[in-house]
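What follows is a set of notes on a single structure, which appears directly below.
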Ligand SMILES: [Mn+2]
């Protein structure tokens, strides 16, 4: 049913603008590339536009160079939003699409069903998983480059098959993608083992901030944003560092701050005992999944962290 309504919306229209949430991750990139391939294979006109650029490590994916950071002037029939829980998370003004058809394919729990067609499965590990299942259910044969994009989406949104969303369905799906041409060790190397020297130096500085709270139940890392300029590193070089926080035995909540003098962003992680999505939702604009979430406070680090720890303490077991 969902596939039929998606397919009829695609059939009735000719041009599509694809977009994903701010600060693109592997799922945003892989899902867009796969959906872009599908639309163009049908002879449709499609453009991928995002507020933020593709992280360098995902540029190996075929078609990634076509993803733009400048909104095209031309009109589009349909806005297709992938891996994004609401329109404001896109980070750009979608006003000109108001009232027109919008496709919403996502797995975020706080997705507000903003689309004309909504394919939202909060049980899916990645939007790439939803798209793979749509293709497979519809019997669509896709080339190895698309299998690679979809595998990258699922690999990165499961933290390299480590997060609580990793299950037998996900592993079967990825085995299927490997059979269709995705090469797991090659994608691992691109996604997780292609740091720049400045990026690895940045990580060493972040490691050195490690602290524990509440008898080891909370682990925290800090990244002053000024470090990026100091070292010539990129914001994306810190991606995945937050996951270090939950590798200590006994940790229930992992926190990584990214802060300037006036603003503190929190990335939150859980191994399952605590719902960090619920923690993030207590702060305006925050949200995410039960095992990975984020929010921002317009406060300097010391005051923001004190406020966050007070919220987290209520959720600990
Ligand atoms: Mn995702």
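In my numbering, the protein residues as written are 97 to 413. Glycine included, each C-beta is placed from N, C-alpha and C at the ideal position. Keep in mind the model is a prediction, meaning the values are calculated, not measured.
For residue i and residue j, what's the separation of their Cα atoms in angstroms?
i: residue 406; j: residue 310; result: 11 Å
i: residue 428; j: residue 214; result: Limits of the chain in this structure are 97 at one end and 413 at the other, which puts residue 428 out of reach.
i: residue 282; j: residue 276; result: 15 Å
i: residue 253; j: residue 192; result: 31 Å
i: residue 348; j: residue 401; result: 17 Å
i: residue 378; j: residue 171; result: 38 Å
i: residue 139; j: residue 244; result: 22 Å
i: residue 270; j: residue 136; result: 24 Å
i: residue 183; j: residue 412; result: 32 Å
i: residue 300; j: residue 380; result: 32 Å
i: residue 304; j: residue 367; result: 22 Å
i: residue 328; j: residue 157; result: 25 Å
Taking only heavy atoms of ligand 1 into account, decide whether any of them is closer than 8 Å to the Cβ of residue i.
i: residue 123; result: yes
i: residue 413; result: no
i: residue 223; result: yes
i: residue 179; result: yes
i: residue 253; result: yes
i: residue 203; result: yes
i: residue 402; result: no
i: residue 271; result: no
i: residue 376; result: no
i: residue 249; result: yes
Leaving aside the five residues before and after residue i along the sequence, list all residues of the same chain whose C-beta is less than 7 Å from its C-beta, in chain order.
i: residue 394; result: 358, 359
i: residue 101; result: 213
i: residue 246; result: 126, 130, 224, 227, 228, 273
i: residue 233; result: 99
i: residue 217; result: 203, 226
Residues in its own chain within less than 6 Å of residue i by CB, not counting five upstream and five downstream?
i: residue 307; result: 316
i: residue 384; result: 373, 376, 390
i: residue 98; result: 215
i: residue 382; result: 376, 391
i: residue 260; result: 368, 387
i: residue 344; result: 315
For a quick check, are the C-beta atoms of residue i and residue j less than 9 Å apart?
i: residue 177; j: residue 111; result: no
i: residue 133; j: residue 167; result: no
i: residue 123; j: residue 179; result: yes
i: residue 117; j: residue 186; result: yes
i: residue 199; j: residue 120; result: no
i: residue 287; j: residue 248; result: yes
i: residue 414; j: residue 143; result: Residue 414 lies beyond the stretch modelled for the chain, which goes from 97 to 413, so this question has no answer here.
i: residue 332; j: residue 153; result: yes
i: residue 356; j: residue 322; result: yes
i: residue 267; j: residue 320; result: no
i: residue 351; j: residue 334; result: no
i: residue 63; j: residue 330; result: No answer is possible for residue 63: it lies beyond the span of the chain, which begins at 97 and ends at 413.
Assuming the contact rule is C-beta atoms closer than 8 Å, residue i and residue j should be a hit. Round their C-beta distance to whole Å, please.
i: residue 222; j: residue 250; result: 5 Å
i: residue 339; j: residue 255; result: 6 Å
i: residue 414; j: residue 197; result: A query on residue 414 cannot be resolved here, the shown segment of the chain reaching from 97 to 413 and no further.
i: residue 208; j: residue 181; result: 7 Å
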